[in-house]
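Protein chains: 2
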Amino acid sequence: MRLSKRGEYGLRAMIVLAEPVEKNAMPVVQIKEIALREQISPKFLEQILLALKNAGLLHSKMGVGGGYYLARSSSEITLGQIFRVLDGPVAPIKCVSQMAYEPCGCPDEQTCGLRLVMGDVRNAIADILDNTSLADVTKRQVSVRKKLGIK
Amino acid sequence: MRLSKRGEYGLRAMIVLAEPVEKNAMPVVQIKEIALREQISPKFLEQILLALKNAGLLHSKMGVGGGYYLARSSSEITLGQIFRVLDGPVAPIKCVSQMAYEPCGCPDEQTCGLRLVMGDVRNAIADILDNTSLADVTKRQVSVRKKLGIK
DNA sequence: TATAAAACCTATTGTTTTAGTAGTCTTTTC
DNA sequence: GAAAAGACTACTAAAACAATAGGTTTTATA
Chain G
1360 MRLSKRGEYG LRAMIVLAEP VEKNAMPVVQ IKEIALREQI SPKFLEQILL ALKNAGLLHS
1420 KMGVGGGYYL ARSSSEITLG QIFRVLDGPV APIKCVSQMA YEPCGCPDEQ TCGLRLVMGD
1480 VRNAIADILD NTSLADVTKR QVSVRKKLGI K
Chain F
1360 MRLSKRGEYG LRAMIVLAEP VEKNAMPVVQ IKEIALREQI SPKFLEQILL ALKNAGLLHS
1420 KMGVGGGYYL ARSSSEITLG QIFRVLDGPV APIKCVSQMA YEPCGCPDEQ TCGLRLVMGD
1480 VRNAIADILD NTSLADVTKR QVSVRKKLGI K
């Protein structure tokens, strides 16, 4: 039940891009800056951000002083959207996937016990990922920092 | 976020083994019988059942008329136990694993937004898997069958 | 007591996925 | 027009996955 490095890095990068920008800062962030901050290979991250851009979650600016920025407000982008672009369906088994259903080959799908439980698991994961926006994540980070006495 | 075939087949097999035995039926079930019912390669299933046996979830009887049976009552074996034997930790990322923690390499683990959310995901999955026993699964199957007008 | 049926165990193999590297092309600013 | 940035495509090494293969041991029973 593993998140891939691709998914991990992509989610990390999106969280960085969702951070409230300081005064006078550029609205766009460059690949190499994110890569440096999050300790990710810049070329690998490039592919990931490109995929997120082609999926419509990011916009970019080419050329000198260019970089990436969120395509929508951070409260309108969910972790579920990001996850699905990078790692595919959330469901642990194809036959319970809402977005990419396929039969899983069990004798009788309707009464398959495994399917019933995995359906619950899928819903539990999707509930979290689809109802958590990037803004929710940054809000939570802020409150954790406050609790720990700023930083 | 995928369940492996190994995990899928193992869980299926355990559910079969948890089914209430008919009168006069042998208390043990053979690999090939399960393989046939669930459409699994018998040799692959053999490895899986062996792993479950070595983990203490199954017992076996060798020789003619042998086979496998649950090591404990079906209400005392959870899907979480089976899953972990076959697919490893439930957590989507190592740094939120309760059973097999490892740092994940983010700059600051305490305030890592991804880690906060993935912790929730881990807990949601573990809540289901660790609180669902094989007996719960078979009970649920029965009630689904009843609802659909027996079968 | 020989035979066949069953689990036990280990090694090997082919395929797919993963995680990354490399290199060229295009756009933009100065 | 040079440099800085993203866009795109191809490739590759290593690991994981899904089996397959084949011999060993145990046990019931004919």
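Residue numbers (my numbering), protein chains in the order written: chain G, 1360 to 1510; chain F, 1360 to 1510. The beta-carbon is built from N, C-alpha and C at its ideal position, and this holds for glycine as well.
Determine, using beta carbons only, whether residue i comes closer than 8 Å to chain F.
i	result
Asp1446/G	yes
Leu1395/G	no
Arg1443/G	no
Leu1473/G	yes
Gln1389/G	no
Gln1326/G	Only positions 1360 to 1510 of chain G appear in this structure, which leaves residue 1326/G out of reach.
Under 8 Å between C-beta atoms, does residue i make it to chain G?
i	result
Val1480/F	yes
Leu1370/F	yes
Ala1483/F	yes
Thr1437/F	no
Ile1487/F	yes
Arg1365/F	no
Pro1466/F	yes
Pro1451/F	yes
What distance in whole Å lies between the Cβ atoms of residue j and residue i, which are believed to be in contact at a cut-off of 8 Å?
i	j	result
Leu1488/F	Gly1439/F	4 Å
Tyr1428/F	Ile1399/F	At roughly 18 Å, the Cβ-Cβ gap does not stay under 8 Å, so Tyr1428/F and Ile1399/F are not in contact.
Arg1499/G	Gly1472/F	6 Å
Gly1366/G	Asp1446/G	4 Å
Ile1484/F	Val1449/G	Contact flag wrong, Cβ pair sits at about 11 Å.
Phe1444/F	Ala1414/F	Checking the displayed sequence, the identity of residue 1444/F turns out to be Val instead of Phe. 4 Å between Cβ atoms; contact.
Rounded to whole angstroms, what is the Cα-Cα separation between residue i and residue j?
i	j	result
Lys1391/G	Pro1401/G	6 Å
Ala1494/G	Glu1378/F	47 Å
Gly1422/G	Ile1436/F	59 Å
Arg1371/G	Asn1482/G	23 Å
Val1496/G	Ala1459/F	25 Å
Val1388/G	Leu1376/G	7 Å
Thr1470/F	Arg1396/G	14 Å
Met1360/F	Ile1407/F	21 Å
Ile1393/F	Lys1506/F	26 Å
Using a cut-off of 8 Å between C-beta atoms, extract the partners of residue i located in chain G.
i	result
Val1514/F	In the structure displayed, chain F extends from 1360 to 1510; residue 1514/F sits before or after that span and is not available.
Gly1508/F	What Gly1508/F touches in chain G: nothing, since even the nearest Cβ is about 11 Å away.
Return the chain-ordered list of same chain residues with a C-beta closer than 8 Å to the C-beta of residue i, the five sequence neighbours on each side being excluded.
i	result
Gln1474/F	A quick correction: the sequence has Arg, not Gln, at residue 1474/F. Excluding positions up to five away in sequence, the list reads Ile1452, Cys1454, Val1455, Cys1463, Cys1465 and Glu1468.
His1418/F	Lys1412, Tyr1427, Tyr1428, Leu1429 and Ala1430
Glu1405/F	Ile1390
Strictly below 8 Å CB to CB, what residues from chain F border residue i?
i	result
Met1477/G	Leu1362
Arg1431/G	In chain order: nothing, as chain F lies at least about 18 Å away.
Grab me the residues of residue i's own chain with a C-beta within less than 7 Å of its C-beta, minus the 5 sequence neighbours each way, in chain order.
i	result
Leu1416/F	Ala1430, Ile1436, Gln1440, Ile1441 and Val1444
Regarding residue i and the ligand ADP, is the C-beta to nearest heavy atom distance less than 7 Å?
i	result
Pro1386/F	Absence of the ligand ADP is noted for the structure shown, with no ligands found whatsoever.
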